[in-house]
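A.B. asks: Residues in the sequence shown are numbered from 235 upward in steps of one, following my numbering.
Glycine included, each C-beta is placed from N, C-alpha and C at the ideal position.
For reference, the structure I am asking about is given below.
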Amino acid sequence: MKISSIIETVKKEVESYKVPVVDLIAIQTKDPFKILVATILSARTKDETTAMASARLFKKAPDLTSLKELSEAEIRSRIYPVGFYNMKAGYLVRLPQALEEFSGKIPDEIDSLLKLPGVGRKTANLVRSVAFGKPAICVDTHVHRIMNIWGYVKTKTPFETEMALREKLPEKHWIEINSILVAFGQSTCKPVSPHCDRCIVESSCQKIGIIPRRTKPQGNKARSQNAKTMISWNVNGIRAVEKKGFVDLVKELSPDLFAVQETRAQPDQLSRDLHQIDGYTSYWHSAVRKGYSGVAVYTRTEPLTVLYGLEDDRFDSEGRVISLEFEDFYLINVYFPNAQHELKRLSYKLEFNNALQDFTVSLAKKKSVVICGDFNVAHKAIDLKNPKSNEKNPGYSPEERAWMDRFTQAGFVDTFRKFDPEPENYTWWSYRFNARARNIGWRIDYFFVDPASDARVVGAKILKDTLGSDHCPVQLVFK
Ligand code: SF4
235 MKISSIIETV
245 KKEVESYKVP
255 VVDLIAIQTK
265 DPFKILVATI
275 LSARTKDETT
285 AMASARLFKK
295 APDLTSLKEL
305 SEAEIRSRIY
315 PVGFYNMKAG
325 YLVRLPQALE
335 EFSGKIPDEI
345 DSLLKLPGVG
355 RKTANLVRSV
365 AFGKPAICVD
375 THVHRIMNIW
385 GYVKTKTPFE
395 TEMALREKLP
405 EKHWIEINSI
415 LVAFGQSTCK
425 PVSPHCDRCI
435 VESSCQKIGI
445 IPRRTKPQGN
455 KARSQNAKTM
465 ISWNVNGIRA
475 VEKKGFVDLV
485 KELSPDLFAV
495 QETRAQPDQL
505 SRDLHQIDGY
515 TSYWHSAVRK
525 GYSGVAVYTR
535 TEPLTVLYGL
545 EDDRFDSEGR
555 VISLEFEDFY
565 LINVYFPNAQ
575 HELKRLSYKL
585 EFNNALQDFT
595 VSLAKKKSVV
605 ICGDFNVAHK
615 AIDLKNPKSN
625 EKNPGYSPEE
635 RAWMDRFTQA
645 GFVDTFRKFD
655 PEPENYTWWS
665 YRFNARARNI
675 GWRIDYFFVD
685 PASDARVVGA
695 KILKDTLGSD
705 HCPVQLVFK
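Next comes the structure, spelled out in structure tokens:
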């Protein structure tokens, strides 16, 4: 196998891809401290999340001296929601003391790096190569996987791969191989359904142990057959609704995407059944405050990327937004703030709404956008039973309605109203006064699409007979 020529080909190919976050931080800062910290944060975490968490942490702690000043709780809140954030906050709070053995400097030898909290072989190799430019082979899961798919090594673990590569991989590739194959593994040679159909090294690849992606038929007919069904539901506590049969409901309705709001749970509080519904992968963005807010999406198709929050510290600790990017659209799942009694949180809500609209507009410049969730506002008089008596109340205040006016005047389409102009269509009912049975409700849960995607809406409805929460689900069919 001509490994050097294959690596050079892939290297050229990935030059146009997104740079892995740790390399990006290395290029931008050339700072071993930041590279080490970002590498620790990046384990089991998407690049976008690592980038945001690193930025929040480095704002307050750009070096070892300032990191010493932070409590574990503050570190935790700044790095949330990276994977294993509790454990990683513990590693980082112990880092300054552990580095005293090395005179407060990040060491460049593997054995010394391995003595630091949270540093395993992969991190040690990555820091040595990326931060210090010294020969080391970092073996990320992508390197281990792709080298075995190519048949260049036959190994069972990343450690075995590292040792095998030390024996046979020309040293000129040691430092670069990790970032090349991470970029390639995230974009083309994906762990599930790799894109062999568009792969630049397909003719040299032995494809050991992989199942290539099935290519979709083209054309309008195929496209309409590929319409996706999406459901959005404020579950008012995912653990409570689990006891009422949530998992069976997802299986029964069987949509392509199931978005939930007000999950009110941390990922480590979820049962295995909730995490892993057959046929779906789930993505969660929880609030830092326990038992509060939170959103999640179950998806049948693996997203290209997942964005957690709005990249805005004012809102992201409340776990209100999660966005999944697919080939030809984004799904933004949102739990809007409640303006609260006497409109105490109205200004916060309006700031959130404006930030959300800016975020949505920026994504809509790239591809179609579907925005779903609990907007916590009835837009027009037709959208609630008693508009007159609620005119100054949260959820129907003039300011909240004015924002909805601006949102729709910007061209965003309320998909339900495309199909049903009638009154008495609601999605939320108070638990008091037997309101649901008497249909004294509000329509505050929506599916919107961006102005350019109106023609892709095939159908929209309210699933008013689904019980289990004070809201009912809403549905969109989108082609
Ligand atoms: S041909 Fe397929 S399996 Fe082989 S490297 Fe390319 S994407 Fe991966």
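1. May I ask you to check if the CB of V435 is nearer than 7 Å to at least one heavy atom of the ligand SF4?
2. Along the chain, where does the alpha helix (DSSP H) containing W408 start, and where does it finish?
3. Examine the ligand SF4 and report whether any of its heavy atoms sits within less than 7 Å of the Cβ of C423.
4. If you reduce the DSSP assignment to three classes, tell me which class Q574 lands in.
5. Any chance you could list the beta strand (DSSP E) runs of at least 3 consecutive residues sitting entirely within the stretch 549 to 624, in chain order?
6. Are there 16 or more other CB atoms within 10 angstroms of the CB of M381, so buried, or fewer, so exposed?
7. Could you spell out where the alpha helix (DSSP H) holding W637 opens and where it closes?
8. If you pair each beta-carbon of the stretch 487 to 494 with each one of the stretch 624 to 641, do three or more pairs fall below 8 Å?
9. Could you give the DSSP three-state label for M235: helix, strand or coil?
10. Determine the closest residue to K246 out of E576, A598, S413, with distance taken between C-alpha atoms.
11. Between the stretch 401 to 413 and the stretch 330 to 347, are three or more C-beta pairs nearer than 8 Å?
12. Pairing CB atoms from the stretch 583 to 597 with CB atoms from the stretch 540 to 551, are three or more of them under 8 Å?
13. Mapping the DSSP letters down to three states, classify H429 as helix, strand or coil.
14. Would you report the Cα separation of A272 and N359, rounded to the nearest angstrom?
15. Less than 7 Å between the CB of I241 and some heavy atom of the ligand SF4, yes or no?
16. Would DSSP call D679 helix, strand or coil?
17. In whole angstroms, what is the alpha-carbon distance linking D512 and G367?
18. Going straight from the alpha carbon of A694 to that of D297, what length do you get?
19. When the Cβ atoms of the stretch 492 to 504 are set against those of the stretch 280 to 297, are three or more pairs found closer than 8 Å?
20. Alpha carbons only, please: which of A644, L710, V361 is nearest the one belonging to F650?
21. For D608 and V494, I'd like the C-alpha separation in whole angstroms.
22. Under 8 Å by Cβ, that's how I've got P537 and L558 pegged, so tell me the actual separation to the nearest angstrom.
23. By Cβ distance, which residues of its chain are closer than 7 Å to S421, with the 5 residues on each side in sequence left out?
24. Compute the Euclidean distance between the alpha carbons of I465 and F681, then round it to the nearest angstrom.
25. Apply the 10 Å Cβ neighbour rule to H575 and answer buried if 16 or more other Cβ atoms are within range, or exposed otherwise.
26. Please name the residue, chosen from R666, T535, A573, A530, that lies closest to I566 on a Cα-to-Cα basis.
27. Starting from N212 and walking both ways along the alpha helix (DSSP H), at which residues does that stretch end?
28. Are the beta-carbon atoms belonging to I269 and V364 less than 8 Å from one another?
29. Looking at the structure shown, is N320 part of a helix, part of a strand, or coil, going by DSSP?
C.D. replies: In short, the structure shows the following:
1. yes
2. Element bounds for W408: 408 to 421.
3. yes
4. coil
5. 555 to 559, 563 to 569, 602 to 608
6. buried
7. 632 to 643 is the extent of the alpha helix (DSSP H) around W637.
8. By the Cβ criterion, the stretch 487 to 494 is not in contact with the stretch 624 to 641, since fewer than three pairs of Cβ atoms, one from each stretch, lie closer than 8 Å.
9. coil
10. S413
11. no
12. yes
13. coil
14. 14 Å
15. no
16. strand
17. Roughly 44 Å separates the two Cα atoms.
18. 52 Å
19. no
20. L710
21. Each residue's Cα considered, the two are about 9 Å apart.
22. Contact check for P537 and L558: beta-carbon distance about 4 Å, within the 8 Å limit, so the pair qualifies.
23. For S421, where only same-chain residues beyond five positions count, the Cβ hits under 7 Å are Y251.
24. 9 Å
25. exposed
26. A530
27. Because the chain spans 235 through 713 in this model, residue 212 falls outside it and cannot be assessed.
28. yes
29. In this structure, N320 counts as helix in the three-state DSSP scheme.
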